[in-house]
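Here the protein sequences line up with chains C and R, keeping their order. Numbers 1 to 180, taken from UniProt numbering, label the letters of the first sequence in order. Numbers 1 to 386, taken from UniProt numbering, label the letters of the second sequence in order. Glycine residues also receive a C-beta, built at the ideal position from the N, C-alpha and C atoms. From a predicted model like this one, the values you see are computed outputs, not experimental measurements. Everything on this sheet refers to the single structure shown next.
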Amino acid sequence: MNKIMYLEFERCIGCRACLAACRECGGHDAKERNYVEYVDFMESRQTYPMLCMQCKDPACARVCPANAIQITEEGVVLSAMEEKCIGCRNCTFGCPFGIPKFDFEENKMYKCDMCYDRSKHDIAPMCASVCPSEAIRFIDFDEMQELRRKRTQMNLIEGKKPAEHDKWQYVPEFFGVYSD
Amino acid sequence: MKQLERSFYSKTSMYSFFVIVLLFFSMWIGTSQFKHIDMALIGYMISSFIFAIGLTVRMCSWLIRPATHQVIKRSFKNLKTKERKKRNIKSIATTAFENIVLQKFIFKRGLYRGIQHFLIAWGCIGSFAITFGLTFGWMHFDLIDPDTYQIIVMGIPTIIMPAHGIFAEMVYNGLNITALMVLVGVIMAITRRIRSKDVKVTQRVEFDLFPLYLLLAVTGTGLLLTVLYTFLEGWMHPYMSLVHQVTVVVLLIYFPFGKLFHLPIRPLATAVPLNYQETVKVDTRACLKCNTPYSSDDQIEDVKGILGAQAFDLKLADGSYLSDYCPACRRRIRVMKQLNMEAPLGNPYDPVQTRNGIHISGFGKKRQDEFYNKATKSDSKQEERV
Ligand code: SF4
Ligand code: SF4
């Protein structure tokens with residue numbers, strides 16, 4: 001898999017199509033695994049989509065006492081293996097980004113798996129395939145690099161300079177979720 | 001203890017050694033000094049020993065994982081605390097009954113799956129209990145007079161039963177009953193694996209399908225043996241019993257290393273009510289930022305400990321850890337960091353500041369640049385005060 005998930009929070013229009021699409025994905029049991037939330041409700045109605053980063057060294061898997069969270073060869077961090085998960089929710093609290101969800105009834109953790117059956121064949125995950133404003137995109141790694149460069153160039157044109165020790169001043173507000 | 005440990009290659013080999021010694025000792029007692037040993041079962045016996053060693057090795061390597069180690073350590077600490085006695089007993093009892101005996105949570109995942117798992121689980125546990133009981137000689141039958149049998153458990157005479165009573169029939173057919181349970185369950189499971197497209201997404205042949213076919217082979221040949229000697233007067237019986245023995249040996253050796261290993265680690269589920277969440281869905285620790293209860297103090301301490309032991313540095317600039325915040329706040333922190341609008345700084349009612357100076361207009365209104373400049377000034381004033 002050489003494609004990456006590419007999020008631009010400020011593009012989100014809050015339509016929640018990605019949530020609906022996630023519910024439709026095979027094996028998701030009609031429950032969404034991604035989030036759309038308000039950045040700061042008091043100031044504006046700006047929302048952001050949130051997915052799992054598919055970390056290289058996932059904290060969620062490291063804190064799981066049952067060793068239930070597996071990583072595929074493509075680097076996708078899967079939901080808990082149903083037979084192993086003991087339902088302790090350590091993964092939910094260990095994840096730096098608050099991603100894993102927990103089903104108390106069925107006593108198991110479930111989380112974004114980048115629609116593994118789709119993305120392993122290089123098909124865009126459900127959320128990326130429906131997002132109307134391209135806040136979530138499933139693109140080539142090279143395309144992502146190109147977008148980042150463009151963004152930087154725009155900043156230079158607008159006269160913004162990177163601050164010392166602060167690359168975010170320079171390459172702001174976006175990042176990729178990718179596996180290689 | 002330390003001295004003893006050094007006599008062995010590793011802790012794991014020490015435990016394996018003791019497990020084997022214990023098993024031999026129990027055999028010695030059960031078979032009254034090896035007098036009642038059943039030589040026909042020798043193949044099963046040797047593979048059972050391998051099974052025991054495999055299980056010990058797997059258990060040890062599982063316990064070495066920092067996460068497992070931490071949770072087990074806390075469980076033992078809590079079990080020893082007198083004040084928690086009531087909670088301990090209650091957690092063990094409810095987990096054992098609802099989670100392990102009834103397997104309620106699997107029925108919640110679907111009635112079909114519940115029945116299938118229940119049949120396989122209890123069929124397997126029953127079969128294992130009978131097989132081990134007989135191979136290690138923990139249990140055997142004695143004829144005390146022509147139509148009365150007595151069950152001898154560990155060399156101690158127990159129940160007396162008429163040789164052809166209903167209870168006796170049930171005891172003789174114990175393995176057939178459990179095998180039938182497994183057979184039905186396994187066929188249900190294989191059907192599900194073939195039909196459901198959802199499970200195919202992450203299913204792996206060697207991990208998810210092999211154990212099912214293995215169980216099918218074991219129960220199939222086992223039940224065939226019964227059919228052969230009851231209806232066909234033992235035709236092909238010796239060959240079939242050899243085939244059956246081979247399947248069982250493979251199962252016993254495979255067990256500790258594959259999917260079926262989830263059985264011995266399941267009791268860890270007790271740790272959840274024991275250490276973390278006493279009542280389901282009732283949280284006690286409040287989020288550092290929004291004050292919503294989201295976990296318990298002990299759990300967050302454990303999570304921090306486990307992450308620390310594995311060199312994860314999730315400490316923020318203000319000394320708090322990411323796990324001190326509820327998942328919703330953690331998601332927000334991530335976005336706010338990206339957009340350079342971290343909430344703890346400044347007045348939350350002030351306008352949002354972004355890195356690139358492009359502002360999100362509030363409710364569709366375009367604001368004057370001065371509005372934002374004012375906010376920046378009030379921010380810096382605040383910082384001075386701090
Ligand atoms: S809830 Fe399940 S997957 Fe998460 S840490 Fe606990 S056992 Fe592991
Ligand atoms: S759940 Fe969290 S820790 Fe695990 S891979 Fe996703 S972002 Fe990383």
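- Excluding five sequence positions before and after residue 102 of chain C, the CB atoms of its chain that fall closer than 7 Å to its own CB belong to 89, 92 and 109, given in chain order.
- Around ligand 2, the residues whose beta-carbon falls short of 6 Å from at least one of its heavy atoms are C:52, C:53, C:54, C:55, C:58, C:59, C:60, C:77, C:95, C:97, C:99, C:100 and C:111, given in chain order.
- A distance criterion of 7 Å places the beta-carbon of residue 275 of chain R beyond contact range of ligand 1, judged by its closest non-hydrogen atom.
- At a Cβ-Cβ threshold of 8 Å, residue 77 of chain C and residue 65 of chain C do not count as neighbours.
- Remark: the shortest separation between the CB of residue 78 of chain R and any heavy atom of ligand 1 does not fall under 7 Å.
- A straight-line Cα-Cα distance of about 25 Å links residue 220 of chain R and residue 140 of chain R.
- In the DSSP assignment, residue 70 of chain R falls within the alpha helix (DSSP H) that extends over 66-80.
- Here residue 116 of chain R is near residue 189 of chain R, since their CB atoms are less than 8 Å apart.
- Where residue 153 of chain R is concerned, the enclosing beta strand (DSSP E) starts and stops at 148-153.
- Contact residues of the segment 254-282 of chain R toward chain C are 259, 262, 265, 266, 268, 269, 271, 272, 276, 277, 280 and 281 (C-beta to C-beta distance below 8 Å).
- Exclusion of the five residues before and after residue 151 of chain R leaves 139, 141, 158 and 159 as the residues of its chain whose Cβ lies within less than 7 Å of its Cβ.
- Per the coordinates, the alpha-carbon of residue 329 of chain R lies some 17 Å from the alpha-carbon of residue 45 of chain C.
- For residue 137 of chain C, the enclosing beta strand (DSSP E) starts and ends at 136-140.
- Annotated three-state conformation of residue 316 of chain R is coil, per DSSP.
- Closest in alpha carbon position to residue 63 of chain R, among R:12, R:278 and R:17, is R:12.
- Contact annotation for residue 117 of chain C against chain R: 201 [CB-CB distance below 7 Å, chain order].
- In this structure residue 17 of chain C touches residue 131 of chain C by the C-beta definition: roughly 6 Å separates them, less than 8 Å.
- Distance between residue 57 of chain R and residue 22 of chain R, taken at the CA atoms: about 16 Å.
- For residue 79 of chain C, the enclosing beta strand (DSSP E) starts and ends at 77-80.
- Taking 8 Å as the upper bound for CB-CB distance, residue 84 of chain C and residue 107 of chain C are not in contact here, some 12 Å apart.
- Within chain C, the C-beta atoms nearer than 8 Å to that of residue 300 of chain R come from 93, in chain order.
- For residue 140 of chain R, the beta-bridge partners assigned by DSSP are R:152.
- Within its own chain, the residues whose Cβ lies closer than 6 Å to the Cβ of residue 119 of chain R, once the five positions on either side in sequence are excluded, are 181, 184 and 185, listed in chain order.
- The Cβ neighbour count for residue 268 of chain R, taken over all protein chains shown within 10 Å, is at least 16; the residue is labelled buried.
- Residue-level contact by beta carbon holds for residue 78 of chain C and chain R, with a gap shorter than 8 Å.
- For residue 264 of chain R, the CB stays at least 7 Å from every heavy atom of ligand 1.
- CA-CA distance, residue 331 of chain R to residue 296 of chain R, rounds to 20 Å.
- When DSSP states are grouped into helix, strand and coil, residue 119 of chain C belongs to the helix group.
- Secondary structure of residue 37 of chain R (DSSP, three-state): coil.
- The beta carbon of residue 50 of chain R is closer than 6 Å to those of 253 in its chain, skipping five residues each way along the sequence.
- Annotation for residue 99 of chain R indicates a beta carbon at 7 Å or more from all heavy atoms of ligand 1.
- For residue 306 of chain R, the C-beta contacts it makes with chain C under 8 Å involve 62, 63, 90 and 94, in order along the chain.
- Residues of the segment 55-76 of chain R with a C-beta less than 9 Å from any C-beta of chain C: 62, 65, 66, 67, 68, 69, 70, 71 and 72, listed in chain order.
- Within the segment 182-198 of chain R, contact with chain C at the beta-carbon level (separation under 7 Å) is assigned to 197 and 198.
- For residue 71 of chain C, there are no neighbours in chain R by C-beta distance under 8 Å, as the nearest C-beta there is about 12 Å away.
- The Cβ atoms of residue 12 of chain C and residue 49 of chain C lie closer than 8 Å to each other.
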